[in-house]
Amino acid sequence: MSGTPTPRAATRYVRADRLLPGDVFLSRGGDKDSTWIARSTFGPFSHAAIYDGNHFLFEAIDDGVGYTKLNLARACRNPGQGSFILIDVSHYNKLEIRRHPAIEEACKTLEGRRNVIDQLIGWLGPKNGLEYPALSTLAKAVPFVPWPLAFALLWVIARFQGEPSKVVPGMFCSQLVACALRDLDAEPLQSTFWGQIMTPEKISPNRLQSRKTQLKLVDDIIVDDKYPCECDASQQYFLEQMRQLQDQTNAMVAKCGAMERRKALLDLENRYRRYLR
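This is the structure we're talking about:
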């Protein structure tokens with residue numbers, strides 16, 4: 098006697114051609130840590146990351162602060178739209194992508210987009226390779242709880258989990274994103290009635306999608322298996338070329354200094370645009 102098969106969850110993708118440098122990925126995974134972080138900050142999300150414009154996220158995770166390769170899953174061609182990449186994001190339980198209007202305006206020209214990428218790389222580069230900060234540093238981002246109490250609770254949790262001491266700690270995820278946006282003159286949150294701006298160490302991922310956010314939800318960028326996508330041999334070749342460029346970028350990030358990395362990424366972007374023609 099056979100049971101009813103469990104339906105396979107639909108694969109979800111992000112259209113890479115609609116991403117802009119500086120876009121913010123707000124997400125939540127399926128693990129227990131993600132659940133309690135989301136609940137303690139009163140929202141659906143537990144993590145924030147920023148898109149660098151070259152098929153990478155820059156984020157602060159348990160493994161440290163730095164670049165994370167996005168999963169380039171499929172290449173498509175739609176009439177009148179050219180070739181573009183679909184990025185597999187099925188591992189997120191929940192995901193939305195937000196964008197600051199100032200960055201969207203700056204990226205309307207190729208020169209403006211390059212300036213945003215260049216400025217992002219310049220700011221993110223020195224943070225690459227730092228450690229994820231001590232858990233207690235998240236205390237100020239917990240709303241409605243006095244930070245000394247939140248600090249004490251997080252300190253106890255860290256000791257219970259055997260958290261190692263930090264030698265070169267970086268920022269936590271949403272603090273990193275908020276600081277990167279500020280460097281781009283894209284303040285993520287509205288000021289208070291008294292004209293005060295919330296400091297980055299108080300900004301949780303859920304603050305970035307609250308009523309005070311200045312980040313606009315990007316529509317029609319997340320699609321599923323039903324999305325119409327022409328894929329032939331030429332598209333498969335295009336996908337392989339994009340993966341090679343991504344691997345070259347990944348190797349270069351690990352070896353080069355900040356200035357060399359900025360120049361190399363701009364060169365890779367030029368090569369990427371030649372493949373789109």
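Residues 98 to 374 in this note's numbering are what the sequence shown spells out, letter by letter.
Every residue, glycine too, gets a C-beta built ideally from N, C-alpha and C.
Beta-carbon spacing of residue 165, residue 153 below 9 Å: The Cβ atoms of residue 165 and residue 153 lie closer than 9 Å to each other.
Distance CB(residue 146)-CB(residue 274) smaller than 9 Å: yes
Pairwise C-alpha distance: residue 306 and residue 114: Between residue 114 and residue 306, the alpha-carbon positions lie close to 23 Å from each other.
Beta carbon of residue 258 nearer than 9 Å to that of residue 157: no
Sequence-distant residues of the same chain with beta carbon closer than 6 Å to residue 203, five excluded per side: Cβ within range, chain order: 209, 213.
Contact between the stretch 228-247 and the stretch 292-311 (3+ Cβ pairs under 8 Å): yes
Contacting residues, own chain, Cβ-Cβ under 6 Å from residue 405 (five flanking each side not counted): Nothing in the structure corresponds to residue 405, since the chain is present only between 98 and 374.
Environment of residue 124 [buried if 16+ CB atoms lie within 10 Å]: buried
Per-residue burial, residue 107 [other beta carbons within 10 Å of its own, 16 or more giving buried]: Looking at its Cβ environment, which holds fewer than 16 other Cβ atoms inside 10 Å, residue 107 is exposed.
Per-residue DSSP class, three states only, for residue 104: For residue 104, the pLDDT reaches just 48, beneath the cut-off of 50, and the residue's location in the model is therefore unreliable, although a value from the coordinates is still provided. Coil, per DSSP.
Alpha-carbon to alpha-carbon, residue 228 and residue 117: 27 Å
Contact belief for residue 278 with residue 119 at Cβ below 8 Å, rounded distance in angstroms: 7 Å
CB-CB length for residue 281 against residue 200, believed under 8 Å: 6 Å
Among 172, 289, 255, the one whose alpha carbon lies nearest that of residue 308: 289
Burial state of residue 179 (16 or more Cβ within 10 Å): Exposed, since its Cβ has fewer than 16 Cβ neighbours within 10 Å.
Residue 130 classed as buried or exposed, judged by whether at least 16 other C-beta atoms fall within 10 angstroms: exposed
For residue 221, the nearest candidate out of 326, 132, 331, 148 (CA to CA): 148
Residue 189 classed as buried or exposed, judged by whether at least 16 other C-beta atoms fall within 10 angstroms: Here residue 189 is buried. Its C-beta has 16 or more other C-beta atoms within 10 Å.
Selection from 292, 121, 168, 181 that minimises the alpha carbon distance to residue 144: 121
Sequence-distant residues of the same chain with beta carbon closer than 7 Å to residue 102, five excluded per side: Note that residue 102 scores a pLDDT of 49, beneath 50, so its modelled location is shaky and nothing firm can be said.
Residue environment, residue 195, which counts as buried when at least 16 other CB atoms sit within 10 Å: buried
Segment limits, alpha helix (DSSP H) that includes residue 276: 270-280
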